[in-house]
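Residue numbers (numbering that gives the first Met the number 0), protein chains in the order written: chain G, 0 to 229; chain D, 0 to 559.
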Amino acid sequence: MTVALSLRGLTKSFGSGDAQRPALAPLTLQVAQGQRVAIVGHNGSGKTTLLKMAAGLLDPSGGDVLVTGQPGGSPAARAALAYLSDHPTFYDDLSLREHLEYVARLHGVADWADRADQLVAKVGLSDRVDDLPTTFSRGLRQKAAITLAFVRPFQVLLVDEPFVGLDSAGKAALLELFDDTSTRGAALLVATHELTFVNRVDRLIALADGELRYDGAPGETDVNELVFHT
Amino acid sequence: MSTTEMPVEATTTPSLGVHALRDLRARRKKNRLGELEWFEAAYQVYLVALFGGGGLLWLSSLVGDQKLSVVEAADVARNAPALLGLVAVLAVVLGLRSGSQGGPLALEAADVTHVMLSPVDRLQALLRPATQRIRSAVFVGVGLGGALGQLAGRRLPGTSFAWFGSGALFGFTVALLWVGAALVAHAIRLPLVIATVIAVVGFGWQGVALAKGIPGPANLYGSLALWGWRQHPVDVVALVVSLGLLVTGVALLARTSLDALARRSSLVTQLRFAVTMQDLRTVVLLRRQLTHDQTRARPWLRLPTRGRTNVIWRRGWHSLLRLPAGRLIRMVALAVGAGACQVAAYRGTTPAVLGTVVLTFVLGLEVLEPLSQEVDQPDRCDGLPIERGDLMVRHLLAPVVALIPFSAIAATTAALIESSKSNDASGAFAVAGLLAFPTLLAGAAGAAINIVRDAPDPFSGTNQQTFMPPEMAGFSTVLRTLVPLAVSAVGALSVVIVRQAVIHDGPNAAVPTAVRAMTAGLLVVAGVATWVRMRDRMRRSIRAFMSEGHAHTQQQRSSR
Chain G
0 MTVALSLRGL TKSFGSGDAQ RPALAPLTLQ VAQGQRVAIV GHNGSGKTTL LKMAAGLLDP
60 SGGDVLVTGQ PGGSPAARAA LAYLSDHPTF YDDLSLREHL EYVARLHGVA DWADRADQLV
120 AKVGLSDRVD DLPTTFSRGL RQKAAITLAF VRPFQVLLVD EPFVGLDSAG KAALLELFDD
180 TSTRGAALLV ATHELTFVNR VDRLIALADG ELRYDGAPGE TDVNELVFHT
Chain D
0 MSTTEMPVEA TTTPSLGVHA LRDLRARRKK NRLGELEWFE AAYQVYLVAL FGGGGLLWLS
60 SLVGDQKLSV VEAADVARNA PALLGLVAVL AVVLGLRSGS QGGPLALEAA DVTHVMLSPV
120 DRLQALLRPA TQRIRSAVFV GVGLGGALGQ LAGRRLPGTS FAWFGSGALF GFTVALLWVG
180 AALVAHAIRL PLVIATVIAV VGFGWQGVAL AKGIPGPANL YGSLALWGWR QHPVDVVALV
240 VSLGLLVTGV ALLARTSLDA LARRSSLVTQ LRFAVTMQDL RTVVLLRRQL THDQTRARPW
300 LRLPTRGRTN VIWRRGWHSL LRLPAGRLIR MVALAVGAGA CQVAAYRGTT PAVLGTVVLT
360 FVLGLEVLEP LSQEVDQPDR CDGLPIERGD LMVRHLLAPV VALIPFSAIA ATTAALIESS
420 KSNDASGAFA VAGLLAFPTL LAGAAGAAIN IVRDAPDPFS GTNQQTFMPP EMAGFSTVLR
480 TLVPLAVSAV GALSVVIVRQ AVIHDGPNAA VPTAVRAMTA GLLVVAGVAT WVRMRDRMRR
540 SIRAFMSEGH AHTQQQRSSR
């Protein structure tokens, strides 16, 4: 089994001196190619901090990240890793189609148009593709962000609370895309409170107060207990 | 699990990404130019030219045209390099602090997500924002340096043109120093505490150099500014150092922290908008957020949990007792600065009053934190079973008491400086003691107007603003900015009144005039407090009156 994402002693503290607050205790884990991982935990348990550090958006206080064997933040790691944030950001002067073109071409995808059309159709945004995503509602913004994450190639996909604001059609489309992701061998890490999704993963990681509480198969533990009572 | 690492597939061509980046930036620039309102842009240029030119003419009239005597010119030649060197030290300090807090670059939030997380070379991606930052700093430095150099040239030996050139060169060098220091400090993740130590050492050394005539670390920079008069080839070292620092900073651009860029992106956009709207309070608030200025988790002192003290007074102290040490130090510095400016105004430099106005106004914004918090949570505020005006005016009480120690600091500063230059120490302490509190209070009154007018106005919604003609909207914005500052100026001008009384009626007139000026200042403050309390009621009455008139007119029309 090959390792797609490796976190070694990754840790984060906020503040300094007496006000220093640990957000994530040193965490070491490896995620294999094609593996589907759900990260669960109560609010403030460290899920977003973990994903942001793995994506390179947050400087760790210690430890390091390897993406497909390359140091996190290096061009090769950035080419291999996609991050779908819980707060999608868009340019206020680009339509969704122009966003798709930009992101795809930044990642070296020359023939992006067909792929973009398929994605947009899948999430039900075909009639809004020439509109500005900054004017979309919360759910439509989330759908637009999903198309941007999937229009480019990746070997590791990090996703933070993807189901918030999505309607049932959007959730179904996203789950299909997740299935495609693992089928073609990319690793998937999803931080979520959506317990129905937990049943579809190979591996469950539970965090509580920044510490690892569980790392194993989802069927072997009471997820409700882990998420709400740890 | 095997630890075999997955080979990286060559899924991307970085150069292709760079081409995409360039293409899209060019297209966005074209779109922006296409959407630019040229009339509005011309109006902005007109406003800048009007106010900038007016300000320059005013400064020019203050400087005068008379050439300095030989002795005075020699004094300038001796002290100016060390004095102007302080500007260079300030630039380094500001640059280092900016860099250690995540500056000086700011990208759009979408650029951080889409460009910085893509495999495009980060040096290439950041080169343009860095160039824009350098260009704007150089523009300000050269413009300001050139204008001030030209003014200096009117009284010092040398032609105005040469002085303009040397001033611009000084501004250019200092601007590069600031950007270079910030970029390097960011790249090497300089801790803020080290930046603060460098600031203390730098200012200390340069200050001693100025006082004792020894070489200071930034004397060469100051000397460069005198090239309109005389040229020392060794001063070029300053330019070389600035350029070297800048080149180093640019070379290290790829080490820019995404964490800092992500945090700053939205804040800087809001800050620019607030500056455009001349929204001083928002500028101060956003500056605090940019510098991680967070309130203390635990207050300096815990208030007794039991007691029957007024809840709004108590809430005010809960807020004030959580002000972080850095902010308290800044407030002390503002009070010291205000005291020093008042002495300068008393000794004849009337424009120093402007310094007092700004410093007391900002101090007021700092101390009125409880009121700001209330105004910034309108849903919470309007849900309380209390008239909003009554609530707001009660929020002024704790800050007014909190101003007393800062008034003592300002008074002591002013009295110490003044008594060191005159023989009447007791008189200096008496006048400073009388004027300090009303001056700071008036500064806070201006700040209170600035804060309270941000409260949502249920009686004149956004429609009224939307349908306002553009020329009136601009005027209204300027007026909204100037009125609070004008109120803050009432306190600061008291020292000028005392000065004029002393000039005309002798030193014995100082204390009685100070008492009268203090009374006038306090009356204005009372007026502001009344306005805060009655604002909603007055607006409600005006709105009712207008509605009544409107209905009456409609009735008359329909009866015709």
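Glycine residues also receive a C-beta, built at the ideal position from the N, C-alpha and C atoms.
Check	Outcome
Assumed close pair H394(D), G315(D) - CB separation to whole angstroms, cut-off 8 Å	6 Å
Extent of the continuous beta strand (DSSP E) run through F89(G)	Segment: none, F89(G) is in no beta strand (DSSP E) and carries neither H nor E.
Alpha carbon of R134(D) to alpha carbon of D120(D), nearest angstrom	22 Å
Distance between G164(G) and D126(G) (C-alpha atoms, nearest Å)	19 Å
M115(D) classed as buried or exposed, judged by whether at least 16 other C-beta atoms fall within 10 angstroms	buried
From Q555(D), R387(D), P437(D), L492(D), residue whose alpha carbon lies closest to that of R538(D)	R387(D)
Burial state of K211(D) (16 or more Cβ within 10 Å)	exposed
Neighbourhood of G140(D) by C-beta, 6 Å cutoff - its chain only, sequence neighbours within 5 removed	G170, F171, V173, A174
Collapsed DSSP secondary structure at I385(D) in the structure displayed	coil
Option in S557(D), Q269(D), R329(D) with minimal Cα separation from L106(D)	Q269(D)
Buried or exposed by the 16-neighbour rule on C-beta atoms within 10 Å, applied to K11(G)	buried
Below-8 Å beta-carbon distance, R77(G) vs any chain D residue	yes
Cβ-based contacts, 9 Å cut-off: residues of the segment 108-121 of chain D near chain G	A108, A109, D110, V111, T112, H113, V114, M115, L116, S117, P118, V119, D120, R121
Every unbroken beta strand (DSSP E) inside the segment 21-89 of chain G [3 residues or more]	35-40, 61-66, 80-83
Nearest to T195(G) (by Cα), restricted to the options G215(G), D110(G), S167(G), D214(G)	S167(G)
Below-8 Å beta-carbon distance, V36(G) vs any chain D residue	no
7 Å CB neighbourhood of A122(D) in its chain, flanking five on each side removed	Reading off the sequence shown, one finds Leu at residue 122(D), where the question assumed Ala. L252, A253, listed in sequence order.
Cut-off 7 Å between Cβ atoms - residues of its own chain near L242(D), not counting five sequence neighbours on either side	L175
Sequence-distant residues of its chain with Cβ nearer than 8 Å to R532(D) (five each side left out)	G388, D389, M391, V392
D201(G) vs L83(G) beta-carbon contact at 8 Å	no
Partners in chain G for D292(D), counting only beta-carbon separations shorter than 9 Å	Under the 9 Å cutoff, chain G gives no residues; its nearest Cβ is about 13 Å from D292(D).
Identity of the residue in A184(D), R326(D), L85(D), A180(D) nearest G221(D) by Cα	L85(D)
CB-CB length for V523(D) against V489(D), believed under 8 Å	5 Å
Assigned exposure category for H106(G) - 16 Cβ within 10 Å defines buried	buried
Buried or exposed (CB count within 10 angstroms, at least 16 for buried), Y101(G)	buried
D110(D) burial status per 10 Å Cβ neighbour count (16 or more: buried)	buried
Closer than 7 Å: R393(D) CB and nearest the ligand ZN heavy atom	For the ligand ZN, the structure offers nothing, since it holds no ligand at all.
Backbone CA spacing between H231(D) and V207(D) [nearest angstrom]	22 Å
Buried or exposed (CB count within 10 angstroms, at least 16 for buried), N218(D)	buried
Below-8 Å beta-carbon distance, D208(G) vs any chain D residue	no
Whole-angstrom C-beta distance between L104(D) and G55(G), which should lie under 8 Å	Actually they do not touch by this definition, with Cβ atoms about 17 Å apart.
Where the alpha helix (DSSP H) containing K420(D) begins and where it ends	396-420
First and last residue of the uninterrupted alpha helix (DSSP H) at I450(D)	424-451
Own chain, CB closer than 7 Å to P323(D), minus 5 neighbours either side, in chain order	D292, Q293, T294, R295
Residue environment, D234(D), which counts as buried when at least 16 other CB atoms sit within 10 Å	buried
Exposed unless 16 or more other CB atoms sit within 10 angstroms - verdict on W162(D)	buried
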